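Participant: Have a look at the structure that comes next, please.
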Amino acid sequence: MTTGADIIAGKLHAAGCRHAFGIPGGEVLALMQALDEAGLNFVLVKHENAGGFMAEGGWHADGAPGVLLATLGPGAANAVNVVANAWQDRVPLIFLTGCVDQGEAESYTHQVFDHQQLLRPIVKASFSARLGALDVMMEKALAIALDGQPGPVHIDVPIRVAEGETQEAWSRVFQSSPVATAPVPGPDLDTALDLFRKAERPIAIAGVDAVNEAASAAISEFCEAFQIPLVTSYKGKGLLDENNSLALGGAGLSPKADGLLLPLINKSDCILLLGYDPIEMRINWRNPWDADAPVVDITPVLRTHGMHSVRSTLRSAVQPALDLLGAARQPAKPSWPEGEPAAVRAELDKAFAPEASGWGPGTVFHTLRAALPADTVATADSGAHRILVSQIWRCPMPRQMLQSSALCTMGCAVPLAMGHRVVEGASPVIAFVGDAGLEMCLGELSTLRDLKIPVIICVLVDTSLSLIELKQRSSQRPNVGVDFGETDFPAVARAYGGHGVWVEDAETLHREAEDALAREGFTLLACRIERRAYDGTF
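Counting in our numbering, the sequence shown runs from 14 upward without gaps.
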């Protein structure tokens, strides 16, 4: 006989889900069993927050929605941060929570609160599972999670629904929705075509929506055909191979990079926004161009951010819009006759070169990029190191640098790396994290041990919340609450069954990184840097 949990798990399997992450409780035992029997490998974690980021890492690897499982009360509450991240960072996450039956909740209050009320502000939808309507509920939940800008969907599953037998007919196929189609003919399309046809200095800015549409090939072909330089958000890194001379790298958080990129953008006579969502950008990307600037916004959703003005909006997927724009500019005409983008790229390379002293965070990132294969997937935690590594680390393809760049939360890099490696299983993976961020999720080193996966963790050790301390000084505030003692991270790594080593020079770092690639378990590279080592770097 089929249970409610069987239908929920079966629909997730039909949508391509092969992994689920979380921590069980008595209220989700039927769900966990059903997930396992349906073919979803359940990965036990040490905190629901880490489980959600592992689920996101898996989504980046195979394209299936992430699945996070939590029990009622504290389990659901623990996951709030990662659910908010999925909401802001456009991640399709199915969040399953157990709950007591409605009648029981009226007279039994231990650990009971309204999960849906807690989560509704940070999810695309929240459902309460009901026997007899599970098939249609799961179709809705998956479609909503994946539609437009992806995001989290919550499903509260009462014990009686999960364990209860049902005669409900259900389909073992998930009917996914098509992506947005071509631009609708009209004044906006006419304006866009005219701007691009006449432009001598076109430039493109691409972001997370282009990544989620798998528009990399279309963008690369378009930029190369018309010699258009490309700036990306941090999530958009690799939409055009960042070794390509037209790629100007990521932008959004580095004042040094913005100081070079924004003047170039303002010289353009046609700014193409390709699936660009400014939720990732810092405040100086608010109104970065004049109100009447020649901006064409190609977007799958209505933009209500208010961050900037545009002259033409094309509600469309990226590729069909680029096809129309390209046809309007045939035969291809040269762009940027004075060569300004190449000069800016050269200045960016100079601005983010390794430290002249031979050691520092910049040298760490350059050394590891040189030591690790081109297909390495990097993850970055929030902090000063993330801003710098996002400028230095070049990605040949999309989804090769994963980070929380809209919510910007700490504690994400290590589980993101773990989730990607668990699901994809082949590409080298490295997590960049600060010492405070690593201490937020040290328990997951035991998960790494149990999973037996060769994730590399590079922790920058300077015993300070460097980015916050930098902001304190720049605003002439006293040093309060940002400094802490040094943890012996290599010893901690060894205690958890991994390999750990202190690193204080580039030669040792390069050698240890190469050795890590051949190791079966995880490697922790504790790179000790000077306090205030990030001053002037980004």
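Virtual Cβ for every residue (Gly too), placed ideally from N, Cα, C. Note that the structure is predicted; figures quoted are calculated from it, not measured.
Short of 6 Å in beta carbon distance, which residues of its chain neighbour Ser-403, apart from the five on each side in sequence? Order them along the chain.
Facilitator: Contacts found: Tyr-247, Gly-263.
Participant: Classify Val-390 as helix, strand or coil using the three-state DSSP reduction.
Facilitator: Here Val-390 sits in strand by DSSP.
Participant: Please confirm whether Ala-228 and Gln-332 have their CB atoms less than 8 Å apart.
Facilitator: In contact: Ala-228 and Gln-332 (Cβ atoms closer than 8 Å).
Participant: Determine the DSSP secondary structure at His-571, reduced to helix, strand or coil.
Facilitator: This structure cannot speak to residue 571, because the chain is shown only from 14 to 551.
Participant: Buried or exposed: which applies to Thr-194, given that a residue is buried once 16 or more other Cβ atoms fall within 10 Å of its Cβ?
Facilitator: So Thr-194 ends up on the exposed side.
Participant: Out of curiosity, what's the CA-to-CA distance linking Glu-543 and Ser-370?
Facilitator: Straight-line Cα distance between these residues: approximately 12 Å.
Participant: Ordered along the chain, which non-local residues of its own chain (more than five positions away) have a Cβ less than 7 Å from that of Leu-147?
Facilitator: Gly-17, Ile-20, Ile-21, Glu-181, Trp-183.
Participant: Is the separation between the beta-carbon of Arg-541 and that of Val-474 shorter than 8 Å?
Facilitator: Yes, the pair counts as a contact, with Cβ atoms nearer than the cut-off.
Participant: Are there any heavy atoms of the ligand SAM lying less than 7 Å away from the beta-carbon of Trp-406, as far as the coordinates show?
Facilitator: No copy of the ligand SAM appears in this structure; indeed no ligand is present at all.
Participant: Could you pull the start and end residues of the beta strand (DSSP E) that Met-414 belongs to?
Facilitator: It spans 414-416 - the beta strand (DSSP E) in which Met-414 sits, taken as one unbroken run.
Participant: Compare the C-alpha of Gly-52 against each of Asn-62, Ala-28, Ala-63 and name the closest.
Facilitator: For Gly-52, the nearest C-alpha among the options comes from Ala-28.
Participant: Please classify Ala-539: is it buried, with 16 or more other beta-carbons within 10 angstroms of its beta-carbon, or exposed?
Facilitator: Looking at its Cβ environment, which holds 16 or more other Cβ atoms inside 10 Å, Ala-539 is buried.
Participant: Give me whichever residues DSSP pairs with Val-80 in a beta bridge.
Facilitator: Answer is Ile-107, bridged to Val-80.
Participant: Tell me whether the beta-carbon of Gly-71 lies closer than 8 Å to the beta-carbon of Gly-79.
Facilitator: Contact: yes.
Participant: Does Asn-225 come out as helix, strand or coil in the three-state DSSP assignment?
Facilitator: Helix, per DSSP.
Participant: State the start and end residues of the unbroken beta strand (DSSP E) segment that holds Leu-473.
Facilitator: Here the beta strand (DSSP E) through Leu-473 covers 469-474.
Participant: Distance cutoff 8 Å, beta carbons only. Does Gly-319 sit that close to anything in chain D?
Facilitator: Of the protein chains in the structure, only one exists, and it is not chain D.
Participant: Please state the DSSP three-state secondary structure of Arg-399.
Facilitator: Here Arg-399 sits in helix by DSSP.
Participant: Under 8 Å between the Cβ atoms of Leu-106 and Leu-82?
Facilitator: Taking 8 Å as the Cβ cut-off, Leu-106 and Leu-82 do not qualify as a contacting pair.
Participant: Could you compute how far the alpha carbon of Thr-157 sits from the alpha carbon of Ser-139?
Facilitator: Rather than Thr, the amino acid found at residue 157 in this sequence is Ile. Between Ile-157 and Ser-139, the C-alpha separation is close to 10 Å.
Participant: In whole angstroms, what separates the C-alpha of Lys-280 from that of Cys-471?
Facilitator: Each residue's alpha carbon lies about 39 Å from the other.
Participant: Pull up the distance between the alpha-carbon of Pro-313 and that of Val-104, whole angstroms please.
Facilitator: Their Cα atoms are separated by approximately 15 Å.
Participant: Under 8 Å, do Ala-393 and Gln-416 count as touching if we go by C-beta distance?
Facilitator: Going by C-beta atoms, Ala-393 is nearer than 8 Å to Gln-416.
Participant: With distances taken Cα to Cα, identify the nearest neighbour of Ala-68 among Pro-215, Gly-396, Lys-24, Ala-430.
Facilitator: Cα-wise, what sits closest to Ala-68 is Ala-430.
Participant: Under three-state DSSP, which class holds Ala-74?
Facilitator: Helix.
Participant: Which same chain residues end up closer than 7 Å to Asn-62 when comparing Cβ atoms and leaving out the 5 residues on each side of it in sequence?
Facilitator: Cβ within range, chain order: Asn-91, Ala-92, Asn-94, Val-95, Gly-424.
Participant: So, is Asp-290 buried or exposed, given that buried needs 16 or more other C-beta atoms within 10 angstroms?
Facilitator: Label assigned to Asp-290: buried.
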